[in-house]
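**Student:** Residue numbers (the numbering used here), protein chains in the order written: chain V, 1 to 265; chain E, 1 to 317. Ideal Cβ positions, reconstructed from N, Cα and C, are used throughout, including at glycine. What follows is a structure written as structure tokens; I'll ask about it next.
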């Protein structure tokens, strides 16, 4: 069995930042593995560990060479090897739309022929939350979005999942395999990479693939969406702020709380 | 002229609020272009839903009596068939957990560009969508460089349509390909309730990611005890297993409306705010003056919780 996990290196924006055109200026960005993908990676590695059969876990990413450092962390946590899709045609693209990501990942799926694809629910940079389900439709896999519990019955050809709906309600669903599941945070406890894992990851393969390697050309990454403006939202705070040092702030808040009957002795 | 097809949502016998917001967003988008707003109601008691959705601005409601609950395979096929018949310029769906379970497949199948989680829509000659990036730290506008598009709208951003109207209600039938229905909903479960129901509390002291370490939760628990309040949290605390799921406030946790909500080290992500914005008084303590929690706070302290909270405990001892 083969499990393909899509992972993405994302930038987190520091508290104070400046914009540079349509981007947050580079010096205010910290790069890391997307939070949701941490859980998808852990879920895939656990599937491999718990299975009696041989399970290969392959990570796929769309990202420049810089992202290899981040992807290697997934390898250190037990992913067997990785595929990194990048091309000059992707350089300087402000917003790669869901359709373009789907075309790239579909080509990788065709190459790898996995039985199960795990993705994060969303990426915390552009937060479209759509690639997994779009990919499922394109490759004719079944799917489930926002999965927070997974019980895989590979022999029975089915995944029993829970989907985390709004308002503290979970939906129990049977999903026929092969499938794409988008993984929600909290589904497991992502492990820390061990020193041994980090050492082993150095010799694991991260295979670079250009568009031509996937049988695609520049048309595949043409986006129908154009990012036209990026700005800091206006804050509309109407709050009463308590100033001063921590002691003064606490005292003023305590006065308000008492006036309103909170914590009154 | 822009025709809009908006797909409503229901769960366990009731229409979801986002359905009525989709009517408002759809009517805005049709605007004065002379187009029509169509609604699709798929599954459940479609006739009762259609009656509830007979609202001003809606031109036609198409009911698809197929199943009781949401099934994404059915929804994708139904919306695709309806789109082929109606040929809408824009397909609008909710940016909900179920919306994200079928909207991307609809867009892929119909070869439509997809923009998710819209918080603003403008239609003058082309579609321009406002949405957030980087955990709400920046806003962006995205122009759709195509004649048609699929869009999901964020719940709670548009007003719910209320004014009654008289749309045409038509049953829509299509050939459902059963072999492509490859998932089955077998049930629902409420997330387990422990001994405390945070929805009943008058005062909630709520802790978020800013607490950094599990052992620091005790500090906030102490404050809750000193105030006679109940301890709750934002999602990351529960994801880390530091507090049980029944303490989680937010979209996927509990919706609370206490007299006082004291948010400590909570940045105020939209999913969290959805669960507590109805509180009578909101206090926010956070180091980041730009944290979105301050936008909805009545009282704010910009400061280090590890300095402020001990001082606050002292005030009440």
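Does the CB of residue 142 of chain V have a neighbour CB from chain E at under 8 Å?
**Tutor:** Closer than 8 Å: yes.
**Student:** Below 8 Å on the Cβ atoms is my guess for residue 264 of chain E versus residue 237 of chain E; work out the distance and round it to an integer in Å.
**Tutor:** Going by Cβ atoms, the distance from residue 264 of chain E to residue 237 of chain E rounds to 11 Å, so no, they are not a contact pair.
**Student:** Which bits of chain E does residue 13 of chain V rub up against, with CB to CB less than 8 Å?
**Tutor:** The answer, in chain order, is 134, 135, 137, 138.
**Student:** Does the distance from the C-beta atom of residue 3 of chain E to that of residue 121 of chain E stay below 8 Å?
**Tutor:** It is not a contact, given that the beta carbons lie outside the stated cut-off.
**Student:** Could you tell me the distance, in whole angstroms, from the CA atom of residue 95 of chain V to the CA atom of residue 225 of chain V?
**Tutor:** Using only the alpha carbons, I get a separation of about 7 Å.
**Student:** Relative to the C-alpha of residue 299 of chain V, which candidate in V:229, V:183, V:168, V:161 has its C-alpha closest?
**Tutor:** Here chain V comprises residues numbered 1 to 265, so residue 299 of chain V is not present and cannot be evaluated.
**Student:** Starting from the beta carbon of residue 141 of chain E, find every residue of chain V whose beta carbon is closer than 7 Å, and list them in chain order.
**Tutor:** What residue 141 of chain E touches in chain V: 228, 229.
**Student:** Identify, in the order they occur along the chain, each residue of the same chain with its Cβ nearer than 6 Å to the Cβ of residue 202 of chain E, setting aside the five sequence neighbours on each side.
**Tutor:** The answer, listed in chain order, is 258, 259.
**Student:** Tell me, to the nearest whole angstrom, how far the beta carbon of residue 268 of chain E is from that of residue 291 of chain E; I am working on the premise that it is less than 8 Å.
**Tutor:** Contact holds; Cβ gap of about 6 Å.
**Student:** For residue 240 of chain V, does the count of other Cβ atoms within 10 angstroms reach 16, so buried, or fall short, so exposed?
**Tutor:** With fewer than 16 other Cβ atoms within 10 Å, it is exposed.
**Student:** I want to see whether chain E comes within less than 8 Å of residue 233 of chain V, judged by CB atoms only; does it?
**Tutor:** It does: the Cβ of residue 233 of chain V has a partner Cβ on chain E nearer than 8 Å.
**Student:** Got a sec, what are the start and stop residues for the alpha helix (DSSP H) residue 101 of chain V sits in?
**Tutor:** Start and end: 98-112.
**Student:** Sort E:216, E:16, E:310 by Cα distance to residue 98 of chain E and report the nearest one.
**Tutor:** The shortest C-alpha separation from residue 98 of chain E is found at E:16.
**Student:** What does DSSP give as the partner residue(s) for residue 208 of chain V in the beta ladder?
**Tutor:** BP columns for residue 208 of chain V point to V:84.
**Student:** Buried or exposed for residue 231 of chain V, please, with buried defined as at least 16 other CB atoms from any protein chain shown within 10 angstroms of its CB.
**Tutor:** Result: exposed.
**Student:** Suppose you measure from the CA of residue 43 of chain V to the CA of residue 205 of chain V; what does that come to, to the nearest Å?
**Tutor:** Distance between the alpha carbons of residue 43 of chain V and residue 205 of chain V is about 21 Å.
**Student:** State the Cα-Cα distance for the pair residue 159 of chain E and residue 18 of chain E, rounded to the nearest angstrom.
**Tutor:** Cα-Cα distance, rounded: 9 Å.
**Student:** Check distances from the C-beta atoms of the stretch 42-72 of chain V to those of chain E and list, in chain order, the residues that come in under 8 Å.
**Tutor:** Cβ contacts with chain E: none found.
**Student:** List the endpoints of the continuous alpha helix (DSSP H) containing residue 192 of chain V.
**Tutor:** Run containing residue 192 of chain V: none; DSSP gives neither H nor E here.
**Student:** Could you check if residue 235 of chain V is buried or exposed, using at least 16 other CB atoms within 10 Å of its CB as the buried criterion?
**Tutor:** So residue 235 of chain V counts as exposed.
**Student:** Grouping DSSP H, G and I as helix and E and B as strand, with all else coil, what is residue 213 of chain V?
**Tutor:** Of the three classes helix, strand and coil, the one that applies to residue 213 of chain V here is helix, per DSSP.
**Student:** What residue does the alpha helix (DSSP H) around residue 93 of chain E start on, and which one ends it?
**Tutor:** Segment 90-94 is the beta strand (DSSP E) holding residue 93 of chain E; no alpha helix (DSSP H) there.
**Student:** Name the two residues that bound the continuous beta strand (DSSP E) containing residue 117 of chain E.
**Tutor:** Residue 117 of chain E -> beta strand (DSSP E) spans 114-118.
**Student:** Is residue 228 of chain V closer than 8 Å to residue 153 of chain E when the C-beta atoms are compared?
**Tutor:** Not closer than 8 Å, so no.
**Student:** Out of E:304, E:46, E:235, E:189, state which residue places its alpha-carbon closest to the alpha-carbon of residue 13 of chain E.
**Tutor:** With distances taken between Cα atoms, residue 13 of chain E lies closest to E:46.
**Student:** Give a yes or no on whether the C-beta atoms belonging to residue 27 of chain E and residue 39 of chain E are separated by under 8 Å.
**Tutor:** No, these two residues do not count as a Cβ contact at 8 Å.
**Student:** Determine whether the beta carbon atoms of residue 226 of chain E and residue 316 of chain E lie at a separation below 8 Å.
**Tutor:** Result yes, Cβ atoms of residue 226 of chain E and residue 316 of chain E sit closer than 8 Å.
**Student:** Buried or exposed: where does residue 251 of chain E fall if 16 or more other Cβ atoms within 10 Å of its Cβ makes it buried?
**Tutor:** Looking at its Cβ environment, which holds 16 or more other Cβ atoms inside 10 Å, residue 251 of chain E is buried.
**Student:** Using a beta-carbon distance below 8 Å, is residue 380 of chain E in contact with chain V?
**Tutor:** Residue 380 of chain E is absent from the structure shown; chain E starts at 1 and stops at 317.
**Student:** Return the first residue and the last residue of the alpha helix (DSSP H) that residue 110 of chain E is part of.
**Tutor:** Residue 110 of chain E -> alpha helix (DSSP H) spans 99-110.
**Student:** Where do the N-terminal and C-terminal ends of the alpha helix (DSSP H) with residue 73 of chain V fall, by residue?
**Tutor:** 68-76 is the extent of the alpha helix (DSSP H) around residue 73 of chain V.
**Student:** Whole angstroms is fine: what's the gap from residue 105 of chain E's alpha carbon to residue 125 of chain V's?
**Tutor:** If I take the Cα positions, the gap works out to 22 Å.
**Student:** Grab me the residues of residue 50 of chain E's own chain with a C-beta within less than 7 Å of its C-beta, minus the 5 sequence neighbours each way, in chain order.
**Tutor:** Cβ neighbours of residue 50 of chain E beyond the five flanking positions: 41, 61, 63, 169.
**Student:** Counting only C-beta atoms, is residue 27 of chain V closer than 8 Å to chain E at any point?
**Tutor:** Taking Cβ atoms only, chain E never reaches closer than 8 Å to residue 27 of chain V, which makes this a no.
**Student:** Do residue 30 of chain V and residue 12 of chain V count as a contact pair if the criterion is CB distance below 8 Å?
**Tutor:** Going by C-beta atoms, residue 12 of chain V is nearer than 8 Å to residue 30 of chain V.
**Student:** Return the Cβ separation of residue 190 of chain E and residue 168 of chain V in integer angstroms, given the expectation that the two are a contact with Cβ distance under 8 Å.
**Tutor:** Rounded, the Cβ-Cβ distance is 6 Å, consistent with contact.
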